[in-house]
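Everything on this sheet refers to the single structure shown next.
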Amino acid sequence: MSIKRAILLGRFQPFHLGHLAVIKQILSEQDELVIGIGSAQASHTEDNPFTAGERIMMITKSLDHEGIPRDLWYLIPLVDVGNNSLWVSHVRSIAPPFKTVYSGNPLVKRLFKEAGFDVREPPPFNRSEYSGTEIRKKMFSGGKWEASVPEAVTGVIREIGGLERMLDLRKSEKSVACD
Ligand code: NAD
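So for the sequence shown, numbering that gives the first Met the number 0 puts the first residue at 0; every next one is plus one.
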């Protein structure tokens, strides 16, 4: 019997409870999951504060904490490519083989549909709060972001001085804008 293996693509800036719910939902439908960390080259900006390695720590520690066995999932970093029509081949050239793609991102869905993949949209889990954009906004403004991420993510952000980094980024991006 062939293994049902799917991929979930995301930036995970940061990994949050919506992503975790999506992963659990996918693993109830599939045998194995590849988690592709997109924009792996990006870090230290307001939209992409965390490195690929830091995002790998957030996801690994969160899934371990949930007791999701390691032989059910693979984590791979994926750098962006400057040409959207080559991106699907780029992902396929790096990821373990997969037949199904889970994404709510319109561009990701379009590119994989055109390449003939089975594309599925995960149901939304509290999107108003479990959203990378909203969580980053709260981190910048001193809001309560911790309730929207797994405990393990709070631990990683504390370990790397993530909040201080973000506040410095905001200062430096503002001072660049004033130049
Ligand atoms: P994301 O971290 O915002 O989201 C990851 C996935 O989780 C998405 O499918 C999203 O719909 C889903 N999700 C998030 N919150 C949810 C919630 N509360 N409930 C249910 N689902 C939720 O990442 P993204 O923006 O989708 O990442 C796509 C990646 O693919 C980016 O890194 C992008 O650069 C990359 N990409 C690259 C190219 C290229 O290099 N040419 C082209 C297309 C996409």
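Heads up, the beta-carbon is just placed ideally off N, CA and C, and yes, glycines get one too. Note that the structure is a prediction, hence the values are computed from the model and not measured.
Counting every other CB atom within 10 Å of its CB across the protein chains shown gives E65 a total below 16, marking it as exposed.
Under a 10 Å Cβ-count criterion, I93 is classified as exposed, with fewer than 16 other Cβ atoms of the shown protein chains found around its own Cβ.
By the beta-carbon neighbour count (other beta carbons within 10 angstroms, threshold 16), I25 is buried.
According to DSSP, residue pairing for R4 in a beta bridge involves E31. With a cutoff of 7 Å, D46 does not count as near the ligand NAD, since its C-beta is closer than that to no heavy atom of the ligand. DSSP, read as helix, strand or coil, puts P105 in helix.
I6 is not a Cβ neighbour of I36, given a cutoff of 8 Å.
The ligand NAD approaches Y129 closely enough that one of its heavy atoms is under 7 Å from the residue's Cβ.
Contact between L62 and S147 does not hold, since the beta-carbon distance rounds to 17 Å and is not under 8 Å. Using a Cβ distance threshold of 8 Å, V21 and P121 count as a contacting pair.
Within 7 Å of the C-beta of S38 there is at least one heavy atom belonging to the ligand NAD.
Distance from Q40 to D79 at the Cβ level is roughly 7 Å; contact confirmed, criterion being Cβ atoms closer than 8 Å.
In the DSSP annotation of this structure, I67 is not part of any beta strand (DSSP E), being labelled neither H nor E. For F111, same chain residues with a beta-carbon under 8 Å away, outside a window of 5 residues either side, are V87, V100, S102, V118 in chain order. Contact annotation: E31 and R4 have beta-carbon atoms nearer than 8 Å. Distance from the CA atom of P13 to the CA atom of S1, rounded to whole angstroms, is 33 Å. For the 8 Å CB-CB criterion, V155 and E28 do not form a contact. Per DSSP, reduced to three states, the secondary structure at I75 is strand.
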